[in-house]
Amino acid sequence: MRLERDNYCFACGKDNPRGMKLDIEVDNDGARFSYYVPREFQGWTDVTHGGIISTMLDEVMVWAAAGQEIMTVTAEITVRFKNPLPTDQLVHVEGQLVEQGKRLVFAQARVFDEKKVYAEANAKLMRARNTPP
Numbered sequence: 029m030r031l032e033r034d035n036y037c038f039a040c041g042k043d044n045p046r047g048m049k050l051d052i053e054v055d056n057d058g059a060r061f062s063y064y065v066p067r068e069f070q071g072w073t074d075v076t077h078g079g080i081i082s083t084m085l086d087e088v089m090v091w092a093a094a095g096q097e098i099m100t101v102t103a104e105i106t107v108r109f110k111n112p113l114p115t116d117q118l119v120h121v122e123g124q125l126v127e128q129g130k131r132l133v134f135a136q137a138r139v140f141d142e143k144k145v146y147a148e149a150n151a152k153l154m155r156a157r158n159t160p161p
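First residue of the sequence shown: 29, per the working numbering; consecutive thereafter.
Structure follows, in structure tokens:
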């Protein structure tokens, strides 16, 4: 599998008119971003849909790998929702790698604000062919 970017990713692509357009900061320690969750992403009234939360966690973990020049796709993700995340609220999302194998990379992430952790995740990321082990 060879991965290429076309700036149309639902989570981070700036050209996707329906996307989240996340502005992700990446360095050797991992990846992070802040995001104001709009009401359009609700599930129950005034509560962010779990799929949107999962998307944010997934994206930050893949970018944490990319920050170390490892191109990956998610092989498995486990999300633990700890508190309902209200819509119309600014949250912070951060992720980092915890272990690297020849084929898989392991990462963790969380969504939080100054008061609460809303969700945490662990993922197994699969290396793309164009990434050396």
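We put the CB at the ideal spot given by N, CA and C, even for glycine.
What did DSSP end up calling residue i once you bin it into helix, strand or coil?
i, result
"residue 86", "helix"
"residue 93", "helix"
"residue 53", "strand"
"residue 78", "helix"
"residue 33", "coil"
"residue 69", "helix"
"residue 48", "coil"
"residue 99", "coil"
"residue 111", "coil"
"residue 38", "coil"
Does the distance from the C-beta atom of residue i to that of residue j stay below 7 Å?
i, j, result
"residue 83", "residue 39", "yes"
"residue 91", "residue 54", "yes"
"residue 60", "residue 122", "yes"
"residue 52", "residue 147", "no"
Among the options, which residue has its Cα nearest to the Cα of residue i?
i, options, result
"residue 99", "54, 153, 137", "153"
"residue 143", "155, 120, 81, 124", "120"
"residue 50", "136, 85, 156", "85"
"residue 112", "65, 37, 57, 41", "65"
Which one or two residues does DSSP pair with residue i in a beta bridge?
i, result
"residue 119", "63"
"residue 129", "The partner list for residue 129 (beta bridge, DSSP) is empty, contrary to what the question assumes."
"residue 152", "104, 134"
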